[in-house]
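First up is the structure itself, then whatever we jot down about it.
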Amino acid sequence: MMAQKTADWPSFQRFSLIRTILQTSLACLLAFQFCQVQVAAQENPPAATVPPAEAKAPAERPVDHLIYIPYERLSDVIDRFKSKVVLSYAEYLELMKRAEQATQEGPASVAVMTSANYQAAVSGETATITATFQCQSLVPKWGRIPISLGDAAVGEVSAADGKKVILQGNSDGNYTLLFPEAGDYTITLKLLKKITQSPSGPALELTVPTTGVTTFELTVPKSSQKVTISPRHIQSPVAEPAAEGQTKIAVSLGAVEKIVANWVPDMSDRPEMELLTNVTNNLEITIADGLIHTQAKLAYRVLRGELQSLQIVVAPEDRILDLTSSSRLQGWTVAKEENRQVITVNFLSPVLDQCTIDLHTERSLPEGPLALAGVSEDGKVSGIHSLDVTREQGQLQLQTGEELMMIVNEQSGLVRSDLGEQNASKTAYRYFSRNFSFIVQVKPVEPIVDVQQDTVFAFREQRIDVSCYLNYRVTKAGIFQLPVQLPDQFELLGVSSPAMSEYQYDSASKKLNVLLKERTQGDIAVVVRGRVPLSVDAGDTGEASLENLPQLIPQNVRQDEGRLIAATIEAIELIANEEQIKNAQAIPTDGIPHQIPDAQIRAVWQYQTRPVTIPVRLLRRPTRLISQTASSIQVQPAGIRVSANIDFVVQFAGIDTFRIAVQKSVSDRTEIEIANNNSVPIQQQSKAPLDENSPWMIWTIQTQRPVTGRQQFRITYEIPYSASLNTVDKQDAVQPPLSLLLPYPLGGLQKGEEQLPLSRSTGEVVVQNDPALSVGVQGSGEGLEPIDVRELTLLARDGHQAYRYASPRFEDPILLNLAISRYEVAQVISTVVARSLCEFVVGKSADISIRSQMVIRTSQRQRLMIQLPESAQPMVVQIDGETRQLQRGDASQTPGWTNYVVNVSRSKDSSENFVLLLQYLMQSNPISTSTMRGGLLLPVPRLLNAPGSQAVVQETRCIVWIPKGYVPVSARSPYERWGVGPSGTPFDRLTPDTHRVGDQQQWLTSSAPVTTFPTEGDAYVFTAIGAAEDLQLTYWNRKGVTVLMTLLLVGIAFVLMKTTWSNRILVGIVTATVLAVVLQYSPEIVGQSLVCARYGLLALAGIWIVQGALQCRDTCYAGYSNLVELTRKESPPVSESPEDAVEESSSEKTGDEQ
């Protein structure tokens, strides 16, 4: 029996092991199949299952409406909204939960104090207060009430009914009551407060928290005491009568923050005392608009006694405007005396502590010195002061209008004080007795005007242009006008200023008055322009002198400083006599911001005081002439074109006549014009031969006005070829050598027809030839040297041959000999297609939709010839988005094709690309649904040249739309899958190119086509370098091939089950080797085969895994049986039945065989 039980337990273990292996294999099989389906399947994945949220009552939250959106359409739905947020449903439920919790707001206050009762007992210099608070906490945990007790000391905190409460100290006198739970609380605080002493008696000042109901009870340890409690209150009966020798009072105060209690003996017990008061006088005096406004704020403080009435003295000249008081008045009267006015103020009830009197007076502003405040020795009153008081002190604040200034003539008994930045416009003094003296004098503010000017003198041949830049700075007060004295013989041209309204000018007195728009203070910029004539003999003798520069002098200014800037044209030289210059100093000319047309700054003087004397002398410089010649010889098929730019540089003095020598043989075809708009226009030009035997023709050019600086002329003429070069019968033609004399600048003419030679002359020559011509160049002349075209500075660095020369002599001019030959030019292709993109939509019907776009560069300006299949039905034809008509052309020589003609007239240049769009339908073999494979022949539109040959196509791409379930496996050369090179893996070719269709349009052109082109299925992109007549594809029915390969692999799995594992591994190696070889030639076929065979491979692996697990079980069982047999032989013999012996023998045989 023990042996039987031992044998059964390993059998159970083996069964558990086999079951675990089978479960693991099945789970791996399902996971691998699910991953393969997700990679290869084209269907949309199912929407994720969202766990339902916890249900809530309808009153708590609205019902959620779930909208299920297909995954592939998710981006279209999101893009419709400008603002969007994408989050999971679990996060959305969490946010909703937080929002609902946030909206459950509690009451505004977490705890309140409903009433407060204070019982105070005075004992010596301190008072003991028992405060009882009735509070209610409204929150479950830790309600809080902030309270303020001032400087009272807290001795004890307790709560009724055994409840707990915490008193938290925050800062000086501030506490917080903390309640651990909700409910009603009665809190008792023991406080200790010091009694303050004052002339009116002892006082108790208590700071308390604000409550709706406040009661206060005070016990004073003296009898017959008069107790005063503020603020206003209602006296209530005391709970217990006062004991003997005590005074007790109880009041109801309401909501207050402070309780003040004073007690004194009854009036009958207090002795009569003399009135003792002092006053603080705050005087504010404002002087403006011809008046003196005085406002006094007298703060009276009663130190002893009662104040029934008071007296105030005012200056006799003041008018009393108003009098107010903080205490109720019975009335006030004014009594005028010789040196003062006495105001008597009667109160309705006596004042015991303090009161404030506000008094406002005014008077006219007199001329001369005046006393603003104080009482003189003879008793004359100035300002506002108190009378019959113990002491008067205060502050005096003065403020004047912007147009006035104050000068202090006498000051005694006053101390200057500071009011801070906020009252910077006021002047403040302090005094401690009214017997002080303060005498001032008020005058209108006079403006302070400073000016800084730059005067620019531009010396020309007949005049001096004067520009004066005046920068005024006005302080203290504003002004309305700016007077300026102009120099003699000054001709005013204009005045400009942003603040100017107009200006007045007196030509006789040479006075200029600039009127401003309003009273102006600050910076004012004024520009005055004019001119002064020079002496007549300056142009004849060449010299002129000035005793002083013509200066503009601003009037009524405190400080006048600036710079005098002298500039001259190149024809004039400025000389200053430094010894005779007064009140000015020469400074460097660097950093001067002013620019003068046609003139340069020669000298600058700086001055800081007037008068300024600067005598100058002017000298006329002789004219200097320089030229540069840039000649370009263009050898063209029709003739030779010569273009020469002659650039004259006129220095110092201007001229208006120029002379240029041109070859006589081309003089009739010569054109002379200015080279740019900066040159002076030509007034007239004439030509005359130098002599009969000279090869030169002299051109005389006169400009509209004298020229100083650069003057550029362009000379152009053409030389035709002889008849021999234009011959077309010969293969090549030769032109006899030509000799060219380059244009030669001679100089100019001054007044009196005096010739002005050139000081220096340089030039450059470049020979440019047409590609159809061969040119030989040989040059001669003084100073001529050949150079590389990259060394050119005056001409473009492009050409056949270049020369440079300097200072040539007229007797030895620059001569170029040209030998020209013409060659036959080979024809070039007229039309080139840079990029071509064709889209084919193939379905299960015979109709195919085709859209073709081509980027074309062609020399054709009228029409292009296009070949389409015979079954094509054109729908849309566009050139750069513009619709055109497609017309039938001549009969096609290619069978199956039809010629069409499209109009390509356009505004673009022939060297620019344009886009041709063709959209049409055609008939072709449909996709086969009955077979597992098939082929497609997709013809590509052809573009023809004028002779009828096909145009050159640089690159072609085709997008083929095939129904889902069908996949292309191969394309005939020269086409191949786009984006997948030979180094790619088979899995790179498994997915369609639908998501990359937009990249193809960007590759063709940046703009999208405006036509509508419907598509369906999956897109596959193919590319070819160069032109291809048609695209031939082989496709598979993926479902049919998948079923076939699955059945085939399952059959192979069962057939190989009877063989050994070594045979299976050998078959696998051979199959992998064959696939690797085929992968080098047809990677698409290998990739698609693996995708279609995925189910069969999974089934084959599952079958072999199950078989291996069963074999492993049998092997393990046989080994265990052998171990049991060995154990049985070593153990004592045990009786056994014949049936058991037979079973053991059979199991041993089976184990041996395995």
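Each residue of the sequence shown is one higher than the one before, starting from 803 at the first, in my numbering.
Ideal placement from N, C-alpha and C gives every residue a C-beta, glycine not left out.
Rounded distance between the beta-carbons of residue j and residue i, thought under 8 Å
i, j, result
"Leu1336", "Gln1397", "Incorrect: roughly 22 Å between the Cβ atoms, too far for contact."
"Thr1633", "Leu1666", "7 Å"
"Gln1909", "Met1859", "6 Å"
"Ala1226", "Val1247", "About 17 Å separates the two Cβ atoms, so there is no contact after all."
"Arg1106", "Leu1078", "4 Å"
Residue i, DSSP secondary structure in three states
i, result
"Glu1320", "strand"
"Pro1011", "coil"
"Pro1067", "strand"
"Trp1780", "coil"
"Ser1541", "strand"
"Trp944", "coil"
"Val798", "Because the chain is modelled from 803 through 1956, residue 798 falls outside the range shown and cannot be assessed."
"Met1847", "helix"
"His1797", "helix"
"Ala1260", "strand"
"Leu1198", "strand"
"Glu1757", "strand"
"Thr895", "The sequence given here has Leu at residue 895, not Thr. It is helical."
"Ala1821", "strand"
"Ala1477", "coil"
"Phe1856", "helix"
"Pro1300", "coil"
"Asn1225", "helix"
"Pro848", "Confidence is the limiting factor: at Pro848 the pLDDT is only 38, short of 50, which leaves the residue's position unreliable and the question unanswerable from this model."
"Gly1910", "helix"
"Gly1698", "coil"
"Ser1709", "coil"
"Gly1842", "helix"
Backbone CA spacing between residue i and residue j [nearest angstrom]
i, j, result
"Asp1252", "Asn1080", "52 Å"
"Ile949", "Ser973", "11 Å"
"Glu1613", "Gly1565", "17 Å"
"Cys1157", "Thr998", "22 Å"
"Leu1560", "Asn1478", "22 Å"
"Gln1283", "Asp1308", "15 Å"
"Leu940", "Ala918", "18 Å"
"Glu927", "Pro1023", "11 Å"
"Ala892", "Val1888", "44 Å"
"Leu1639", "Ile1905", "49 Å"
"Ala913", "Thr978", "11 Å"
"Gln938", "Ser1032", "28 Å"
"Val1258", "Leu1586", "47 Å"
"Gly1003", "Pro1152", "17 Å"
Residue i, buried or exposed, once every other Cβ within 10 Å from all chains shown has been counted against 16
i, result
"His1187", "buried"
"Phe981", "buried"
"Asp1795", "buried"
"Gln1143", "buried"
"Pro1743", "buried"
"Thr1731", "exposed"
"Val1316", "buried"
"Thr1017", "buried"
"Pro1011", "buried"
Original post:
Okay, do the segment 1802-1815 and the segment 1854-1865 touch, 3+ Cβ pairs below 8 Å being the bar?
Top reply: no
Subject >> the segment 1047-1058 / the segment 942-960 touching (three or more Cβ pairs under 8 Å) >> reply: no
Original post:
How do the segment 1651-1662 and the segment 1463-1481 stand: do at least 3 beta-carbon pairs fall below 8 Å, yes or no?
Top reply: No, the segment 1651-1662 does not touch the segment 1463-1481.
Original post:
Are at least three pairs of beta-carbons, each pair with one atom in the segment 1759-1767 and one in the segment 1876-1887, less than 8 Å apart?
Top reply: no
Original post:
Taking three-plus beta-carbon pairs below 8 Å as touching, is the segment 1086-1106 in contact with the segment 1187-1200?
Top reply: yes
Subject >> At least three beta-carbon pairs within less than 8 Å, the segment 1585-1602 to the segment 1635-1649 >> reply: no
**OP:** Mind the definition here: the segment 1325-1334 touches the segment 1399-1407 only if three or more C-beta pairs lie below 8 Å; say whether that holds.
**Re:** no
Original post:
Does the segment 1101-1120 come close enough to the segment 1175-1186 to have 3 or more Cβ pairs within less than 8 Å?
Top reply: yes
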